[in-house]
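Mapping of the sequence shown onto numbering that gives the first Met the number 0: position 51 corresponds to residue 50, and the numbering continues sequentially without gaps.
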Amino acid sequence: MTDMIKKIAYITDAHIDEEYPKTLGVNARNNWKTILEDIDSKDINEVIYGGDIGEGSSNSWFFETLQNYKLSVSLGNHDLFSEVTKYYKNSTNIDVDGLFYSKEIDFFKLIFLDSSTEVISEKQLEWLKTELISTKKIVLFIHHPILPIPAIIDKKYFLQGREKIQALLQKIPNEIILFSGHYHMEDYRKCNNVIQYITPAASYQVEKDLNEIKVHNNSFGYRIIELNKDNIQTEVVLF
């Protein structure tokens, strides 16, 4: 039945109005408009933003462009909780210093973590431990990847204490599907019950290289997540 199919655009790492993308010749606002036009053409009306909006001064414009979509946000290391929450109000958020919350959709439980401080607080870990107790399939959204990948960027810019999250995830019987950004590349990885999808950036990309961080301005994109009854499918869209 088609009414059981839900399509979500997962977009991350727009880095709007930041200086570094400009030095690469990247027009982050134009990229953003292109992505929204594409999801509109596909009749997608739900967006999950994976973090790193950009300069604080861009938040007003950014959230204005998303006012007609059903929106969920997980914060990245370029985001400030105090700034973003001026424009993004989430009634299910359970903390005054971080943006972490969950919601249930049919066969799935969606959990959103806040890694904006580049470490997951003990308070958030304790909350996650409770949230993982569910009969539903778990879909986890966090800006930083949890499973390590073979790339120099993972050695330099990984989430502090990520092994604690990995240990929590691998203690439960549920399959966990994890969506992240941060590394500006596409990657798929599976470890025991955890499947991790890293999504290309909406701004510029980084090559998956063991020795050197190589940056490219020749593509940008996002990910489509499709929930169909109790199945989940995903594909990357690049421009």
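Note that CB positions come from ideal geometry on N, CA and C, so glycine has one too.
Coil, strand or helix - residue i by DSSP
| i | result |
| --- | --- |
| G220 | strand |
| A166 | helix |
| K21 | helix |
| L70 | strand |
| L146 | coil |
| N230 | strand |
| F157 | coil |
| G53 | strand |
| A27 | helix |
Cβ-heavy atom distance, residue i to the ligand ZN, below 7 Å
| i | result |
| --- | --- |
| S90 | This structure simply doesn't include the ligand ZN, nor any ligand for that matter. |
Residue i to residue j span [Cα, whole Å]
| i | j | result |
| --- | --- | --- |
| E117 | N76 | 6 Å |
| N26 | R222 | 20 Å |
| P149 | L209 | 6 Å |
| N217 | L70 | 28 Å |
| A13 | Y187 | 21 Å |
| I245 | R161 | Given that the chain is displayed from residue 0 to residue 238, the structure contains no residue 245 and the question cannot be resolved. |
| H142 | T134 | 25 Å |
Contact under 8 Å by Cβ, residue i with residue j
| i | j | result |
| --- | --- | --- |
| Y48 | T11 | yes |
| N30 | F157 | no |
Sequence-distant residues of its chain with Cβ nearer than 7 Å to residue i (five each side left out)
| i | result |
| --- | --- |
| N227 | M3 and I4 |
| Q232 | E225 |
Sequence-distant residues of its chain with Cβ nearer than 8 Å to residue i (five each side left out)
| i | result |
| --- | --- |
| D16 | A27, R28, G53, E54, S56 and S57 |
Beta-carbon contacts of residue i that lie in its chain and below 6 Å, excluding the five residues immediately before and after
| i | result |
| --- | --- |
| D37 | none |
| I137 | K108, N173 and I175 |
Are the segment 91–103 and the segment 117–127 touching by the rule of at least three beta carbon pairs closer than 8 Å?
Flag = yes, the segment 91–103 and the segment 117–127 touch.
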